[in-house]
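Taking the working numbering, the leading residue of the sequence shown gets 423, the next gets one more, and so forth.
Ideal placement from N, C-alpha and C gives every residue a C-beta, glycine not left out.
Given the structure is predicted, the values throughout are model-derived calculations rather than measurements.
Worksheet: the structure to be examined is printed underneath.
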Amino acid sequence: MSRSGAAVAGGVARRGRSASPPDGFCTPEKRVCAWWAMGPEGPHPRHWGIEQVCDFLCRNGFSEPGLLRCFRENQITGSVLPYLTKSELKDLGVGPLELRLKLLVCLQKLEQNHADIMKVFNDPIHGHIEIHPLLVRIIDTPQFQRLRYIKQLGGTYYVFPGASHNRFEHSLGVGYLAGCLVRALHERQPELEINQRDILCVQIAGLCHDLGHGPFSHMFDGRFIPLARPGLKWKHETASVQMFEHLITSNGLEKVMEDYGFVLKEDMDFIKEQIGGPLDTTPCRGLWPYRGRPEEKSFLYEIVANKRNGIDVDKWDYFARDCHHLGIQNNFDYKRFLKFARVCEVKNKKHICTRDKEVGNLYDMFHTRNCLHRRAYQHKVGNIIETMITDAFLKADPYIKIEGTGGKHYKISTAMEDMEAYTKLTDNIFLEILYSSNKELAEAREILRKIELRDLYKYLGETRTEPGKEITEDQYDRLPADIVASRPKNAPQDVELNAGDFIVDVINMDYGMKEQNPIDKVRFYCKSDPSQAVKISKEQVSRLLPETFAEQLIRVYCKKKDEKSLDAATKCFIQWCMNMDFTKPQDGDVVAPD
423 MSRSGAAVAG GVARRGRSAS PPDGFCTPEK RVCAWWAMGP EGPHPRHWGI
473 EQVCDFLCRN GFSEPGLLRC FRENQITGSV LPYLTKSELK DLGVGPLELR
523 LKLLVCLQKL EQNHADIMKV FNDPIHGHIE IHPLLVRIID TPQFQRLRYI
573 KQLGGTYYVF PGASHNRFEH SLGVGYLAGC LVRALHERQP ELEINQRDIL
623 CVQIAGLCHD LGHGPFSHMF DGRFIPLARP GLKWKHETAS VQMFEHLITS
673 NGLEKVMEDY GFVLKEDMDF IKEQIGGPLD TTPCRGLWPY RGRPEEKSFL
723 YEIVANKRNG IDVDKWDYFA RDCHHLGIQN NFDYKRFLKF ARVCEVKNKK
773 HICTRDKEVG NLYDMFHTRN CLHRRAYQHK VGNIIETMIT DAFLKADPYI
823 KIEGTGGKHY KISTAMEDME AYTKLTDNIF LEILYSSNKE LAEAREILRK
873 IELRDLYKYL GETRTEPGKE ITEDQYDRLP ADIVASRPKN APQDVELNAG
923 DFIVDVINMD YGMKEQNPID KVRFYCKSDP SQAVKISKEQ VSRLLPETFA
973 EQLIRVYCKK KDEKSLDAAT KCFIQWCMNM DFTKPQDGDV VAPD
């Protein structure tokens, strides 16, 4: 290639390709406003001070002294301009209505002229998605990049070879969908006065909602931590809030957020509340528990993690993404929900509702969730592999050192107490143990080697509890001993079995709200009156819908693998099921007696 731009190939001179095609098109990440490219004087409007804002108003025909006085007295800077609404201008004393509307049009044109350069990600699920530069700054940090090394479905990857996706891409998808839903509401109902700050905060919450996941995702908080630290009530959402704070402060992003017009304390609280719920956990019956946004914007808390009925963008992304990678059909189309979503008032609170005709699709959504749990998330082999990884981590825990703040060292089970240490804890700990030559890690290493050789604990079978006879959490620990104690007379007597030889996995299957029907918490609107929220009962939809929305499965595995031990263990399990009046085991190697 010659420096002049002409390429020579086969003795023929070819004209070098221009940086931009003749039609002026360029990729979105390169896009800049033509007006701005001409070189306007002064900084970006986001960095304007009060007087620069007033100068802009005067140049655009808004030179009335009273208006300028309002802007000066209220210290309106450039970072605030994109977030001004009709009602906020009224509160500032700007009037009459005609003036407020003209001013808003002018500010919208300014915003369009100085549109931030968006970055485009090519996502296999949502296609080409645009990400705001503030979100890109968050993505390009060690705390967020850590999610590249945490499998979305943990041990399920050992069963479904396509399930190699990670928390990183899921988080991008949730951030994108959060923006789609909040913008759809903004465009459909301008009276909600959703501003750009709201939109960005909701997107950031979606992007960062899973920052606190540990190695192998739900295995860490669902299996490992309860055994490593019994009695500790810890959730990954708590760590997500802490990691988000650490991400912002350690990367100096407070100033960047303020440059985009954020009211730092208020908006940080709002983002954290969307991820982990109210920051003040003191009971306050009848009072609005959130600080980030007032009760008039209660619907914003239903977008990322909907505590009311479970319909949120987190589920939309993992349904689509997990089904894609698992090779399972996804029957729920979130794009249709976006078309019908609107906010209605229910008991003086604003909630996201959908059309009455969509009730069947929502039942399909929760049915899809249930199918994913049955076929993939709670797969009997995936679950036992996660149990074996947990056993290995428990044996390795005393000998693993992860450096945190101030050089202090933490274990696998304590790393979440320090976000600097937790940033370094990912699925890679599996390989660190597997390839270690440390003698103290020999037992843990052997368990992980057995996983690679597919030498797994043996599956004995599955039973279902009867309604009203469910096993409670405080009974879990004694189940292996109860099974051993149920040994029947026809079991081989020369085989020694003890509680440590059994793994009992208690699985609670439901539609996301335990025994409740989540659709009972959803409100709908009719075509004739879109402002009126109504409830639709199950009986109004179909008589073929489930009568119960929860059931409990109990799976039993044995660590011993010789034929005699497995025969004795199987008979113990069958007898225990009969003693408890549970269904007879029909899975694995179990042949239930008549």
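Requested in this report: Take the Cβ of N752 as the centre, count every other Cβ of all protein chains shown within 10 Å, and call the residue buried at 16 or more, exposed below.
Outcome: Within the sequence shown, the letter at position 330 stands for residue 752. Classified as buried, N752 has 16 or more neighbouring CB atoms from the shown chains inside 10 Å of its CB.
Query raised in the report: Bridge partners of I539, per DSSP?
Result: As a working note, residue 539 is residue 117 in the sequence shown. DSSP lists no partner for I539.
Query raised in the report: Enumerated in chain order, which unbroken segments of the alpha helix (DSSP H) with a length of 4 residues or greater are wholly contained in the region 825-893?
Result: 841-844, 850-856, 864-874, all fully within the region 825-893.
Query raised in the report: Who pairs with V963 in a beta bridge, going by DSSP?
Result: Stepping through the sequence shown from its first residue, residue 963 is reached at position 541. Paired residues: none, contrary to the question.
Query raised in the report: With distances taken between CB atoms, is the gap from Y821 to E862 smaller than 7 angstroms?
Result: Your numbering for residue 821 matches position 399 in the sequence shown. Your numbering for residue 862 matches position 440 in the sequence shown. Yes. Within cutoff.
Report task. Identify whether G500 lies in helix, strand or coil by the three-state DSSP scheme. Result -> What you label residue 500 is simply residue 78 of the sequence shown in a count that begins at 1. Of the three classes helix, strand and coil, the one that applies to G500 here is coil, per DSSP.
Query - Assumed close pair K512, R522 - CB separation to whole angstroms, cut-off 8 angstroms - result: Here residue 512 corresponds to residue number 90 of the sequence shown, with the count starting at 1. Here residue 522 corresponds to residue number 100 of the sequence shown, with the count starting at 1. A Cβ-Cβ separation of about 6 angstroms places K512 in contact with R522 under the 8 angstroms criterion.
Report task. Give the secondary structure of T776 by DSSP, where H, G and I count as helix, E and B as strand, and everything else as coil. Result -> Here residue 776 is taken as the residue at index 354 of the sequence shown, counted from 1. T776: strand per DSSP, three-state reduction.
Query raised in the report: Among E495, V624, Q696, which one has its Cα closest to the Cα of L556?
Result: By 1-based counting over the sequence shown, the position of residue 556 is 134. When only C-alpha atoms are compared, the closest one is V624.
Report task. Run through the region 889-945 for me and flag every whole alpha helix (DSSP H) of 4 or more residues, listed as ranges in chain order. Result -> Those alpha helix (DSSP H) runs which fall completely within the region 889-945 and span 4+ residues are 901-907.
**Report entry** E392 versus C528 - alpha carbon distance
**Finding:** Any question about residue 392 goes unanswered here, given that the chain covers just 423 to 1016.
Report task. Could you check what DSSP says for E615 in three-state terms: helix, strand or coil? Result -> One-based indexing of the sequence shown puts residue 615 at position 193. In this structure, E615 counts as coil in the three-state DSSP scheme.
Query raised in the report: Between the C-alpha atoms of C994 and Q915, what's the straight-line distance to the nearest angstrom?
Result: Locating residue 994 in the sequence shown gives position 572, counting from the first residue. Locating residue 915 in the sequence shown gives position 493, counting from the first residue. The alpha-carbon of C994 is positioned some 12 angstroms away from that of Q915.
Query raised in the report: CB T992 to CB L882, shorter than 7 angstroms?
Result: For the purposes of this step, residue 992 is taken as residue 570 along the sequence shown, with counting starting at 1. For the purposes of this step, residue 882 is taken as residue 460 along the sequence shown, with counting starting at 1. Contact flag set, yes.
Report task. Taking 7 angstroms as the cut-off, decide whether the C-beta atoms of N731 and P940 are in contact. Result -> The count along the sequence shown starts at 1 and reaches residue 731 at position 309. The count along the sequence shown starts at 1 and reaches residue 940 at position 518. In contact: N731 and P940 (Cβ atoms closer than 7 angstroms).
**Report entry** C-beta contact flag for F721 and I670 at 7 angstroms
**Finding:** By one-based count along the sequence shown, residue 721 stands at place 299. By one-based count along the sequence shown, residue 670 stands at place 248. By the CB criterion at 7 angstroms, F721 and I670 fall outside the cutoff.
Query - Burial state of S416 (16 or more Cβ within 10 Å) - result: As displayed, the chain neither begins before 423 nor continues past 1016, which places residue 416 out of reach and without an answer.
**Report entry** Top-ranked residue by Cα proximity to D562, from P583, H548, F590, Y579
**Finding:** For the purposes of this step, residue 562 is taken as residue 140 along the sequence shown, with counting starting at 1. That would be F590, whose Cα lies nearest to the Cα of D562.
Query raised in the report: For the alpha helix (DSSP H) that contains Y598, what are its first and last residues?
Result: In the sequence shown, the residue the question calls residue 598 occupies position 176. It spans 589-610 - the alpha helix (DSSP H) in which Y598 sits, taken as one unbroken run.
Query raised in the report: When the distance is taken between beta carbons, is A585 closer than 7 angstroms to L575?
Result: Taking the first residue of the sequence shown as position 1, residue 575 is located at position 153. Taking the first residue of the sequence shown as position 1, residue 585 is located at position 163. Contact: yes.
Query raised in the report: How far does the beta strand (DSSP E) with I553 in it reach, from first residue to last?
Result: Position 131 of the sequence shown, counted from the start, is the residue given in the question as residue 553. That run of the beta strand (DSSP E) goes 549-553.
Query - Minimum C-alpha distance to T970 - residue among Y712, N792, G829, A907 - result: As a position in the sequence shown, residue 970 is number 548, starting the count at 1. A check of alpha carbon separations from T970 across Y712, N792, G829, A907 identifies N792 as the nearest.
**Report entry** Sequence-distant residues of the same chain with beta carbon closer than 8 angstroms to D896, five excluded per side
**Finding:** Within the sequence shown, numbered from 1, the residue matching residue 896 stands at position 474. Excluding the 5 residues flanking it on each side, D896 has no same chain C-beta neighbour closer than 8 angstroms.
Report task. Please name the residue, chosen from D477, A990, R481, that lies closest to I498 on a Cα-to-Cα basis. Result -> To locate residue 498, count along the sequence shown from 1; it is residue 76. Nearest option by C-alpha distance: D477.
Report task. Output yes or no for whether 7 angstroms exceeds the beta carbon distance between G826 and A814. Result -> Position 404 of the sequence shown, counted from the first residue, corresponds to residue 826. Position 392 of the sequence shown, counted from the first residue, corresponds to residue 814. For G826 and A814, no; Cβs fall outside 7 angstroms.
Requested in this report: Measure the C-alpha to C-alpha separation of L569 and H635 and round it to an integer number of angstroms.
Outcome: As a working mapping, residue 569 is identified with position 147 in the sequence shown. As a working mapping, residue 635 is identified with position 213 in the sequence shown. Their backbone Cα atoms lie some 8 angstroms apart in a straight line.
Query - Inter-stretch contact at 8 angstroms, needing at least 3 Cβ pairs: the region 692-707 / the region 613-632 - result: For the pair of segments examined, the region 692-707 was found to touch the region 613-632: the number of CB pairs separated by less than 8 angstroms reaches three.
Requested in this report: Please report how far the alpha carbon of V604 lies from the alpha carbon of K687, in whole angstroms.
Outcome: For this step, residue 604 is matched to residue 182 along the sequence shown. For this step, residue 687 is matched to residue 265 along the sequence shown. Distance from the CA of V604 to the CA of K687, rounded to the nearest whole angstrom, comes to 22 angstroms.
**Report entry** Q565, buried or exposed, once every other Cβ within 10 Å from all chains shown has been counted against 16
**Finding:** To locate residue 565, count along the sequence shown from 1; it is residue 143. The residue in question, Q565, is buried, as its Cβ has 16 or more Cβ neighbours within 10 Å.
Query raised in the report: Quick one: complete alpha helix (DSSP H) runs, 4+ long, within the region 725-779?
Result: Taken in chain order, the complete alpha helix (DSSP H) segments of 4 residues or longer contained in the region 725-779 are 735-748, 756-762.
Query raised in the report: What distance in whole Å lies between the Cβ atoms of G577 and M641, which are believed to be in contact at a cut-off of 8 angstroms?
Result: Against the sequence shown, residue 641 aligns to sequence position 219. Against the sequence shown, residue 577 aligns to sequence position 155. The C-beta distance from M641 to G577 rounds to 6 angstroms, short enough to meet the 8 angstroms contact threshold.
Query raised in the report: In three-state DSSP terms, what is V527?
Result: One-based indexing of the sequence shown puts residue 527 at position 105. Helix, per DSSP.
Requested in this report: Kindly indicate the opening and closing residues of the beta strand (DSSP E) around D951.
Outcome: Here the question's residue 951 lines up with position 529 in the sequence shown. DSSP places D951 in the uninterrupted beta strand (DSSP E) bounded by 951-956.
Query raised in the report: With 16 as the cutoff for other CB atoms within 10 Å, does W998 come out buried or exposed?
Result: The sequence position of residue 998 within the sequence shown is 576, counting from 1. Classification for W998: buried.
Query raised in the report: Can you tell which of I811, R977, V685, R481 has its C-alpha closest to the C-alpha of F924?
Result: Taking the first residue of the sequence shown as position 1, residue 924 is located at position 502. That would be R977, whose Cα lies nearest to the Cα of F924.
Report task. Work out the CA separation of S509 and K677 for me, nearest whole Å. Result -> Working through the sequence shown from its first residue, we reach residue 677 at position 255. Working through the sequence shown from its first residue, we reach residue 509 at position 87. Cα to Cα, K677 sits roughly 27 angstroms from S509.
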